[in-house]
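Peer 1:
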Ligand SMILES: *Cc1c(COP(=O)(O)O)cnc(C)c1O
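Numbering (the working numbering), first residue to last: 3 to 233.
1) For the beta strand (DSSP E) that residue 17 lies in, which residues bound it at each end?
2) In this structure, how does DSSP classify residue 195 when only helix, strand and coil are distinguished?
3) Identify whether residue 104 lies in helix, strand or coil by the three-state DSSP scheme.
4) Is residue 129 helix, strand or coil when you go by DSSP?
5) Let me check one thing: in DSSP terms, what residues is residue 157 bridge-paired to?
6) Cβ of residue 216 within 9 Å of Cβ of residue 161?
7) Identify the continuous beta strand (DSSP E) that holds residue 91 and give its terminal residues.
8) Using a Cβ-Cβ cut-off of 8 Å (strictly less than) and excluding sequence neighbours within five positions of residue 104, which residues of its own chain qualify?
9) Go through its chain and collect everything with a Cβ distance to residue 203's Cβ below 6 Å, but skip five positions before and after it.
10) Could you spell out the range, first to last residue, of the alpha helix (DSSP H) harbouring residue 64?
11) Kindly indicate the opening and closing residues of the alpha helix (DSSP H) around residue 46.
12) Beta-carbon within less than 8 Å of residue 137's beta-carbon, same chain only, minus the 5 sequence neighbours each way: which residues are those?
13) Ordered along the chain, which non-local residues of its own chain (more than five positions away) have a Cβ less than 6 Å from that of residue 206?
14) May I ask you to report which of helix, strand or coil DSSP gives residue 115?
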């Protein structure tokens with residue numbers, strides 16, 4: 003078994019144990035492998051080990067990797083900061099985007115989603131802590147953005163994403179994820195059928211699973227430290 007296959011097996015066990023610990027039904031937490039600044043060879047090992055969902059942050063890097071791995075048909079998720087000039091490529095090359103933060107971006111993703119592809123799955127990124135510079139909109143703005151997306155049939159709103167500032171105190175992190183989950187529940191009560199709470203990384207996945215995450219985004223625990231030159 004490759005090193006990555008061993009880490010993948012260990013991570014799945016960790017997640018299963020945390021589901022049990024926090025009374026989450028088995029199999030309710032999915033794992034997205036975050037492959038930014040990891041080599042194509044390592045991503046290939048990950049896919050050989052059975053990983054299907056992969057997440058990239060940087061569009062240019064992703065556009066280089068996607069064709070090289072096409073034979074293994076992974077499901078590509080865009081999780082990086084989104085800007086208007088990236089929406090065309092994101093809409094054409096990804097199955098999911100986790101970082102939608104405005105009506106303008108949603109509209110552009112919708113307009114650019116090619117007709118031969120199924121609707122683009124999306125999450126709204128929420129800023130769940132005060133001094134966060136990691137992107138996302140205020141919880142109070144989530145409902146109006148979700149409403150805006152309702153008629154955009156080339157998009158499918160699946161849920162919410164957050165990337166809270168890392169904090170040494172797990173309680174602080176849990177409170178941030180708790181606010182995210184409250185926002186998610188609120189949208190569900192407003193009639194949105196959401197199934198994805200994209201929350202938790204290598205460093206805070208336990209807090210995220212405790213607070214209802216359905217999809218953790220894990221990079222370094224699977225691949226080790228990010229590399230400087232991967233392209
Ligand atoms: C890099 C990144 C991750 C993965 O972080 P690790 O600490 O490597 O697990 C998850 N989500 C987002 C949005 C990221 O940018």
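We put the beta carbon where it would ideally sit given N, CA and C, even for glycine. As the structure is a computational prediction, the values presented were derived from the model and not from experiment.
Peer 2: The answer reads as follows:
1) Locating residue 17 in the chain shown gives position 15, where the first residue counts as 1. Element bounds for residue 17: not the beta strand (DSSP E) but the alpha helix (DSSP H), 5–23.
2) The count along the chain shown starts at 1 and reaches residue 195 at position 193. If DSSP states are grouped into helix, strand and coil, residue 195 belongs with coil.
3) The residue labelled residue 104 in the question sits at position 102 within the chain shown. Coil, per DSSP.
4) Taking the chain shown and counting its residues from 1, the one referred to as residue 129 is at position 127. Coil, per DSSP.
5) Within the chain shown, residue 157 is the residue found at index 155, counting from 1. Residue 157 is bridged to 122.
6) Start at 1 with the first residue of the chain shown, and residue 216 comes out as number 214. Start at 1 with the first residue of the chain shown, and residue 161 comes out as number 159. Cβ distance < 9 Å, so residue 216 and residue 161 count as in contact.
7) Position 89 of the chain shown, counting from 1, holds the residue named residue 91. No beta strand (DSSP E) holds residue 91; the alpha helix (DSSP H) holding it covers 89–95.
8) Counting from one through the chain shown, the residue named residue 104 turns up at place 102. Closer than 8 Å at the Cβ level, and outside the excluded window around residue 104, lie 139 and 147.
9) In the chain shown, residue 203 corresponds to position 201, counting from 1. Only 219 meet the Cβ criterion.
10) Counting from 1 along the chain shown, the entry for residue 64 is found at position 62. Where residue 64 is concerned, the enclosing alpha helix (DSSP H) stretches over 61–70.
11) Taking the first residue of the chain shown as position 1, residue 46 is located at position 44. From DSSP, the alpha helix (DSSP H) with residue 46 extends over 42–50.
12) Sequence index remark: in the chain shown, residue 137 carries index 135 (1-based). Hits under 8 Å: 83, 101, 103, 127, 129 and 165.
13) The residue given as residue 206 occupies position 204 in the chain shown. Cβ neighbours of residue 206 beyond the five flanking positions: 175.
14) The residue you call residue 115 lines up with position 113 of the chain shown. DSSP places residue 115 in coil when its eight states are reduced to three.
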